[in-house]
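*Asks:*
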Amino acid sequence: MNASQVTRKVGSWVIQQRIPAGDGPHPLLLLLHGWTGDENSMWIFTSRLTNNFITVAPRGLFPTPLGGFGWHPQGKRSWPSLEDFKLSVEALRELISSQNFSSADLSQVNVIGFSQGAALMYSMALYHSPGVGALAGLSGFFPEGSSELVEGRPLLGKYVFVAHGRMDDLVPVTSARLAVTILEKAGARVTYCEENVGHKLSANCFRGMGEFFKKHGPEAVDHK
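If you want my numbering, it's the 1-based position in the sequence shown plus 965.
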């Protein structure tokens, strides 16, 4: 199935999107970049996924001091909290709508998040768990202040792929291990991949993510 990839402005958002041919409904995959990234940063992660679904990569709402964009206002804390991401979570909910993506199946949005984008993804899942499908958190961390929501097991039955490098000097691997513990406490079914790399996705974990989405993500759904 052929798909065209274009950059588009939707309200205050700048997004890059890829939409398959045909009327749909097509499953939707949301790509959330890390700190200092933009709408072009995440497409490498789709190379092992087929393009039979709508893929949306938004630019973060907040410019960073180092260039690029992030997902929360810059504060004094080095590690953002669940509350810090709330503005972006609610803005994304408005963006991912039938008005903006008329051929999308929005019953459950699948998400890949990298670094800070993974933390935003976890925040989305906690605040609005019925609306998310399969999730992949790459080189990420779990936002602080989420214990109360986690105790309600909002992610019961959700599938989550977590990957991290043991030599990551930006987000320590202990953050990923803690995220796995929290996700499982929240009820998620977690697939974890840890390799001897830095702040990136290893080749082995890349393959693992591809298999994960074939089994649990948009590719597991027949949308012919």
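Where is the CB? At the ideal position from N, CA and C, for every residue including glycine.
Just so we're clear, the structure is a prediction, and the values are computed from it rather than from any experiment.
Let's test the definition: count the other Cβ atoms within 10 Å of the Cβ of Ala-1144 and tell me whether it reaches 16, buried, or not, exposed.
*Replies:* Buried is the call here.
*Asks:* Roughly how many whole angstroms lie between the Cα atoms of Val-1129 and Ala-1151?
*Replies:* According to the sequence displayed, residue 1129 carries His and not Val. For His-1129 and Ala-1151, the distance between alpha carbons rounds to 20 Å.
*Asks:* Who are the near neighbours of Val-1186 in its chain, counting only those whose CB is closer than 7 Å to its CB and skipping five residues on each side?
*Replies:* Because the pLDDT at Val-1186 is just 48, under 50, the model does not fix this residue reliably, and the point stays unresolved.
*Asks:* Tell me which same chain residues have a C-beta within less than 6 Å of the C-beta of Ala-1099, skipping the five on either side of it?
*Replies:* Cβ within range, chain order: Asn-1075, Tyr-1124, His-1181 and Gly-1182.
*Asks:* Terminal residues of the continuous alpha helix (DSSP H) containing His-1181?
*Replies:* Looking at the DSSP string, the run of the alpha helix (DSSP H) that includes His-1181 is 1168-1181.
*Asks:* Could you have a look at Arg-973 and say whether DSSP puts it in helix, strand or coil?
*Replies:* It is a strand residue.
*Asks:* Quick one, are the C-beta atoms of His-998 and Gly-976 less than 8 Å apart?
*Replies:* Taking 8 Å as the Cβ cut-off, His-998 and Gly-976 do not qualify as a contacting pair.
*Asks:* Please list the terminal residues of the continuous alpha helix (DSSP H) segment that includes Gln-1216.
*Replies:* The structure shown does not extend to residue 1216, since the chain is modelled only from 966 to 1189, so the question has no answer here.
*Asks:* At 4 residues or longer, and completely inside the region 1099-1138: list those alpha helix (DSSP H) runs for me, N to C.
*Replies:* Counting only runs of 4 or more, we get 1112-1116.
*Asks:* Starting from Leu-1031, follow the alpha helix (DSSP H) in both directions and report where the run begins and ends.
*Replies:* Careful: Leu-1031 lies outside any alpha helix (DSSP H) and carries neither H nor E.
*Asks:* Leaving aside the five residues before and after Ala-1153 along the sequence, list all residues of the same chain whose C-beta is less than 6 Å from its C-beta, in chain order.
*Replies:* Answer for Ala-1153: Leu-1120, Lys-1123 and Val-1125, listed in chain order.
*Asks:* Where do the ends of the alpha helix (DSSP H) carrying Val-1162 lie?
*Replies:* No alpha helix (DSSP H) contains Val-1162, which DSSP labels as neither H nor E.
*Asks:* Identify, in the order they occur along the chain, each residue of the same chain with its Cβ nearer than 6 Å to the Cβ of Lys-974, setting aside the five sequence neighbours on each side.
*Replies:* Result list for Lys-974: empty, nothing under 6 Å.
*Asks:* Taking DSSP as the reference, what is the three-state secondary structure of Ile-1061?
*Replies:* Of the three classes helix, strand and coil, the one that applies to Ile-1061 here is coil, per DSSP.
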